[in-house]
Amino acid sequence: MVRYTNTSFTFLSDEKGSIFPWVLMVCYLLLLVTFTGVQQLKSQLIQTSTHKSAVVKQHILEQSRNPLEEELVILPELSAQHDFIHSTPNGEGTANCIRESEMNWACDWIITDRFGGIKHTMTFHSLSK
């Protein structure tokens, strides 16, 4: 008499063809997690360097504004344009200012940091004597 055993199907049994799809799926998930982590790290590094560059350029602009305003206050009434250069350890700010009215100036800035990055911006100044 032949005795048949009731064998239920388990996903990780050693039957032919049943282990390979599971190993393939686990390897695929491992690769997916690895590549996603690498992309997130690259994105974070780019974001950090961009933010650092923006903070340095903003610092150069803030450090250059006060000396510029001091020069604009002492300019004669008839001068309609003023060029200004201010150097800091982090870079240089160059401004080309045009008088809009008696005490109002519009300045076109070119800010260059020490790493070679350039930012172009406009500022407006209302001065009081």
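First residue of the sequence shown: 141, per the numbering used here; consecutive thereafter. C-beta: ideal position from N, C-alpha, C; glycine also.
Cβ of E211 within 7 Å of any chain E Cβ
Of the protein chains in this structure there is only one, and it is not chain E.
Option nearest Q198 by Cα separation, candidates L218, I250 and L185
It is I250.
Taking the beta strand (DSSP E) that Q232 belongs to, which residues open and close that run?
The sequence given here places Glu at residue 232; Gln does not occur at that position. Taken as a continuous stretch (DSSP letters only), the beta strand (DSSP E) holding E232 covers G231 to R239.
Closer than 6 Å by C-beta to Q203: which residues in its own chain qualify, once you throw out the five before and the five after it? Chain order, please.
T228
Consult DSSP for F264 and reduce its assignment to one of helix, strand or coil.
strand
Selected residue, minimal CA-CA separation from F264, among H226, T252, H191 and M243
M243
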